[in-house]
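Residue numbers (my numbering): 7 to 72.
Pasting the structure below:
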């Protein structure tokens, strides 16, 4: 699904970038230009970053507990 229509960036592209270590809106902006045109994608980008952060925290906690 397109997250940023202005820059033709999909959620899969952003997820892949976050899996490779990009973890902030600024880093995604610098890599893809998302959020630089109309700004309508900013909310979705924040949500994707929050989901990724929660997922990484869950994994880290589970590794500590195991």
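C-beta atoms are modelled at their ideal positions from N, C-alpha and C, and glycine is treated no differently.
Cβ distance (whole Å) where residue i is taken to contact residue j below 8 Å
i          : j          : result
residue 48 : residue 41 : 5 Å
Three-state secondary structure (DSSP) of residue i
i          : result
residue 71 : helix
residue 26 : coil
residue 42 : coil
Neighbour-count burial assignment, residue i, 16 or more Cβ in a 10 Å radius
i          : result
residue 10 : buried
residue 63 : exposed
residue 24 : buried
Strand pairing of residue i, partner residues [DSSP]
i          : result
residue 10 : 15
Checklist entry - Is it a yes or a no for the region 20-38 touching the region 64-72, going by three-plus beta-carbon pairs under 8 Å? => result no
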